[in-house]
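2 protein chains.
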Amino acid sequence: MIELAALSFLNVIHDDLARVEALILEHPHGRHEAIHWAVELMAGSGGKRLRPALVLLSSHLCGADIDRAVFMAAAVEMLHAATLIHDDLIDGALVRRGVETLNARPHPWSPATTVLTGDYFFAYAAHLASQAINVQLMQRFSQALMTICDGEMRQMFDKDQQPTTSALAQARDEYERRIYAKTASLIAMSAEAGAVLAQPDNCVDSPSAAVFHAYGRELGIAFQIVDDVLDFTADEETLGKPVGSDLRHGLLTLPVLFFLEDRPDDPVVGRVLRGDRSEATIQEAVRLIANSPAIEQANGIARRHVQWAKQALDDLPALECSSAPYRTALLDLADFTVRRRF
Amino acid sequence: MIELAALSFLNVIHDDLARVEALILEHPHGRHEAIHWAVELMAGSGGKRLRPALVLLSSHLCGADIDRAVFMAAAVEMLHAATLIHDDLIDGALVRRGVETLNARPHPWSPATTVLTGDYFFAYAAHLASQAINVQLMQRFSQALMTICDGEMRQMFDKDQQPTTSALAQARDEYERRIYAKTASLIAMSAEAGAVLAQPDNCVDSPSAAVFHAYGRELGIAFQIVDDVLDFTADEETLGKPVGSDLRHGLLTLPVLFFLEDRPDDPVVGRVLRGDRSEATIQEAVRLIANSPAIEQANGIARRHVQWAKQALDDLPALECSSAPYRTALLDLADFTVRRRF
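Protein sequences appear in the order of chains A and F. If you count by this note's numbering, then the first sequence holds residues 682 to 1023, one letter each, in order. If you count by this note's numbering, then the second sequence holds residues 682 to 1023, one letter each, in order.
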């Protein structure tokens, strides 16, 4: 169920992650049965639990109250789940993590109930976050959600824009901005949560908060680049969803941008850019890109961000010995991000 | 722009309401232009601002910090606006308050961007609420949102269920439960906000919070019943949207339930219940119900709830003289709810 928790370097928070899982399922009674069902489905769906792990590790490292941290860890996972429900609806995705999406289910499920279930997940996330009893954290939590929605809006409006060769650098900037917004902002917020929880409420930022934010931002960017690479190189079964889905939606990710830099006149990818979304063309374009140097170039950028994430932690104040395993886990987690195959 | 603020009994909070309006527009810079445009559209759309008015009146009555109350007032209005954006999308509503809905707009607007704009509004609402710097209030805020989404889910799943005559009493219970969830819960939360803000953080509930909650709950139920009556009796121009929209969506509101109690075998309404949604049938059913005693029966129930709302305020502790105008405004606001024609 908890894929990341199965990784040995996360043994240090194994029990906390289990509490997060239990807390999510301890969902208020008496809601419509469809809501209970959706929460259980989400809890059992084998998400990576990256965000809760970051909240818990930084909380241990900073000496924050772990009971409160468990609420916040559950909150960030629910927020993430809420955004996925609406994303899948918008993209018309039929499968996620090998499981049928809500929007793909038969009557009485519908686009309408999918919108509302996502909304409920947002509300439940805010409810869990408010139980961490920290105003600063609530402020960052809602700011992260604003940034995510803004990023999704950009993605939606930028889709299907064909970059000219001269505009590729600009497309790279826009790509980084977009993946910060849609992925790295929440990962950064999760990583800094422990530092925020550990400082007295309404106090100015501790230096640690900035360190953890930088770690999470770089980790999040690397994580999304790897996701975008896996959309070309993974097989469908490991990925839990069809490959090539970004291209199919007209979304130009880093591997495509590197490919175009090298082969601006490739006829197959050119056809995709001009709007040909036939399965044959998409699959041929995916194969071309997957077998091109663009993959290694994109992975190289991801590794560089992971390096920056790890370096950020050098700026942490001297730690007590008991904290060392949590710091090591954060370093291992960063390495895992670029090693993973799912 | 602010319809309620034009009512003389709200003069006491005129300047505060103007601050709420300005605050909403002081929206974080640098978002995608579509988001800025949507926030401005919402701010200028002439909502009644009932919920902000309640936050402000209860805050003045309870001696809460008005700067914080202004944030909370803006938050509840944004939350309300967020739910309307998703509601209109789900219902396929084309016009609200006389203005084209987001989902009805041409490219680049789409169902996808409408979902995301609603999500952004949720995030912005949570952001504003977090700036009221009160954990208790954040908890109630997120609880109200959970209740609203649960109510919407119920409404979605209960649609098109035909009540038999013997099940009409049960349908009435379900109706009350639904309108509490979708409307009265946020109005109750808005009304109690001032009492929550005025008490020290993390303190147990003051008796005033319960009084204001009861006031808001009864007011909210009355408000929704009147809305449901106006959906039959108002003209389209005053209402700012087509009449009969509930019936068109298979939603049985109080006027229909009273009508069916009296005339369970009416052939026209029967046809609607059996799924005939042709314009001619809907308009004939609307005309029949609008001219039946069901309207006065439903209005009678609304008046009873308004009476209960006003009586709830009798339980407030003795007030200082300076507070009297705010209490009077709450009483007048309750009376206005059943008098209004929009």
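Backbone N, C-alpha and C define an ideal beta-carbon position, used for all residues, glycine too. Note that the structure is predicted; figures quoted are calculated from it, not measured.
What would DSSP say about residue i, mapped onto helix, strand or coil?
{"i": "A/R749", "result": "helix"}
{"i": "F/M682", "result": "In this prediction, F/M682 has a pLDDT of 37, which is less than 50 and means its spatial position is unreliable; nothing more can be read from the coordinates."}
{"i": "F/E781", "result": "strand"}
{"i": "A/D1016", "result": "helix"}
{"i": "A/V987", "result": "helix"}
{"i": "A/V693", "result": "helix"}
{"i": "F/V910", "result": "helix"}
{"i": "F/V924", "result": "coil"}
{"i": "A/F904", "result": "helix"}
{"i": "F/D839", "result": "helix"}
{"i": "A/L688", "result": "coil"}
{"i": "F/S739", "result": "helix"}
{"i": "A/Q812", "result": "coil"}
{"i": "F/T934", "result": "coil"}
{"i": "A/R767", "result": "Reading the sequence as shown, one finds His at residue 767 of chain A and not Arg. Here A/H767 sits in helix by DSSP."}
{"i": "A/E873", "result": "helix"}
{"i": "A/Q630", "result": "Nothing about residue 630 of chain A can be reported from this structure: the residues present for chain A run from 682 to 1023 only."}
{"i": "F/K863", "result": "helix"}
{"i": "F/S889", "result": "helix"}
{"i": "F/R898", "result": "helix"}
{"i": "F/R955", "result": "coil"}
{"i": "A/L704", "result": "helix"}
{"i": "A/N980", "result": "helix"}
{"i": "A/R1021", "result": "coil"}
{"i": "F/P974", "result": "coil"}
{"i": "F/L642", "result": "With chain F represented from 682 up to 1023, any question about residue 642 of chain F goes unanswered, as that position is not in the structure."}
{"i": "F/G832", "result": "helix"}
{"i": "A/W718", "result": "helix"}
{"i": "F/A915", "result": "coil"}
{"i": "A/R968", "result": "helix"}
{"i": "A/P945", "result": "coil"}
{"i": "F/S1004", "result": "helix"}
Buried or exposed: residue i, going by 16 or more other Cβ atoms within 10 Å of its Cβ?
{"i": "A/T919", "result": "exposed"}
{"i": "A/G901", "result": "buried"}
{"i": "F/T934", "result": "buried"}
{"i": "F/S889", "result": "buried"}
{"i": "F/P998", "result": "exposed"}
{"i": "F/H1047", "result": "There is simply no residue 1047 of chain F to check, as chain F begins at 682 and stops at 1023 in what is shown."}
{"i": "A/R859", "result": "buried"}
{"i": "F/T782", "result": "buried"}
{"i": "A/N692", "result": "exposed"}
{"i": "F/L775", "result": "exposed"}
{"i": "A/Q851", "result": "exposed"}
{"i": "F/D909", "result": "buried"}
{"i": "F/K840", "result": "exposed"}
{"i": "A/E899", "result": "buried"}
{"i": "A/P1029", "result": "Outside the shown range of chain A, which is 682 to 1023, sits residue 1029 of chain A, and nothing can be said about it."}
{"i": "F/A711", "result": "Contrary to the premise, residue 711 of chain F reads as Gly rather than Ala in this sequence. The residue in question, F/G711, is exposed, as its Cβ has fewer than 16 Cβ neighbours within 10 Å."}
{"i": "F/Q836", "result": "buried"}
Please compile the residues from chain F whose C-beta is within a distance smaller than 9 Å of the C-beta of residue i.
{"i": "A/P787", "result": "Under the 9 Å cutoff, chain F gives no residues; its nearest Cβ is about 14 Å from A/P787."}
{"i": "A/Y861", "result": "Those within 9 Å of A/Y861 in chain F number zero; the least Cβ separation is about 13 Å."}
{"i": "A/I868", "result": "Neighbours of A/I868 on chain F: none; closest Cβ ~17 Å, over 9 Å."}
Interface residues of chain A around residue i at Cβ under 7 Å?
{"i": "F/S823", "result": "A804, A807, H808, S811"}
{"i": "F/I771", "result": "A793, V796"}
Could you name the residues of chain F that residue i contacts, counting a contact when the two beta carbons are closer than 8 Å?
{"i": "A/R835", "result": "H713"}
{"i": "A/Y801", "result": "M827, C830, D831, M834"}
{"i": "A/H767", "result": "V796, L797, D800"}
{"i": "A/V751", "result": "Ordered by position in chain F, no residue passes the 8 Å Cβ test against A/V751, which lies about 16 Å from the chain."}
Looking at the strands, I want to know which residues DSSP matches up with residue i.
{"i": "A/V776", "result": "A/E781"}
Chain A partners of residue i, CB-CB under 8 Å?
{"i": "F/W709", "result": "Inspection of the sequence shows that residue 709 of chain F is occupied by Pro rather than by Trp. Those are M827, listed as they occur along chain A."}
In chain F, which residues lie with their C-beta within 7 Å of the C-beta of residue i?
{"i": "A/M819", "result": "S811, M819"}
{"i": "A/F838", "result": "H713, A715, P789"}
Open item on the list: Quick check: the region 803-811 of chain F against the region 822-830 of chain A, are at least 3 beta-carbon pairs closer than 8 Å?
Closed with: yes
- [ ] Report yes or no: do the region 752-764 of chain F and the region 791-802 of chain F share at least 3 C-beta pairs separated by less than 8 Å?
- [x] yes
TODO: Would you check if there are 3 or more beta carbon pairs closer than 8 Å linking the region 806-826 of chain A to the region 807-822 of chain F?
DONE: yes
- [ ] May I ask you to verify whether the region 910-917 of chain A touches the region 928-948 of chain A, counting CB pairs closer than 8 Å and requiring at least 3?
- [x] yes
Open item on the list: Quick test of the definition: if touching needs 3 or more C-beta pairs under 8 Å, does the region 714-725 of chain F touch the region 870-883 of chain F?
Closed with: no
Open item on the list: Can you confirm whether the region 783-796 of chain A touches the region 921-928 of chain A when touching is taken to mean that 3 or more C-beta pairs between the two stretches lie within less than 8 Å?
Closed with: no
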